[in-house]
Amino acid sequence: MKKVLVMLSLFAAVLLAGHVKAQVNVNVNIGSQPEWGPSGYNHVDYYYLPDINAYYNISTAQYIYLLNNKWHFAKKLPSRYKNYNVYNAYKVVVNREKPYQNNKQDIQNYGKYKGQTGQQMLRDNQDYKNIKNQGNSKSGKSNKKTKEPSEKKTNSRQGQNKSDKAGH
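If you count by my numbering, then the sequence shown holds residues -9 to 158, one letter each, in order.
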């Protein structure tokens, strides 16, 4: 009987440890988002750039754009976009795999944002500045407490699908 109790306890501990790990494993990629990205998102996979009908992949830091009816992946935009200013441009957060495969849907849903400006960028968000500056003081520790950017709803995110906002 004692062996059965010990075995059940070990089994429960293994199950509980796996459950606790799943609760603690949260994917927050604030530090890897470019400073020109819109503020207010803990997690972003891609930005859709309606002005040029292109995407930016956060994890690879690559632009994805159409050229001769094929999608190209590059760290920089081609010269035809030399006047495009990513800091002023409107960005739509898209959290789904290979969003360029549904490009027609994105054009339809987010084409209305073409030419719009005024989104608050991460670089202008105090919470982001605190996270970026953490560890940059002489002691190696930031003297400011950091917190996740607030999830305020602004006009800059109206019209986005719930799946695009969720971050999952």
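All C-beta atoms, glycine included, are put in the ideal place defined by N, C-alpha and C.
Please read all numbers here as calculations on a predicted model, not as lab measurements.
| Asked | Found |
| --- | --- |
| Contact check, K104 vs P40, beta carbons under 9 angstroms | yes |
| Contact under 9 angstroms by Cβ, P24 with A44 | no |
| CB of N85 within 9 angstroms of CB of Y36, strictly | yes |
| Exposure of P68, with buried meaning 16 or more beta-carbon neighbours within 10 Å | exposed |
| K72 to Y53 span [Cα, whole Å] | 14 angstroms |
| Straight-line gap, K155 to D96 (C-alpha atoms, nearest Å) | The pLDDT assigned to K155 is 44, lower than 50, so where the model puts this residue is not dependable; a value taken from the coordinates is nonetheless given after this. Each residue's alpha carbon lies about 14 angstroms from the other. |
| Reference Q160; option with closest CA among Y55, Q106, K81 | Here the chain has residues from -9 to 158 only, and residue 160 is not among them. |
| Within 9 angstroms, strictly: CB atoms of N47 and F63 | yes |
| Endpoints, the alpha helix (DSSP H) within which L98 is located | Note on residue identity: the sequence assigns Gln, not Leu, to residue 98. 93 to 100 is the span of the alpha helix (DSSP H), which, as asked, contains Q98. |
| For K60, three-class secondary structure by DSSP | strand |
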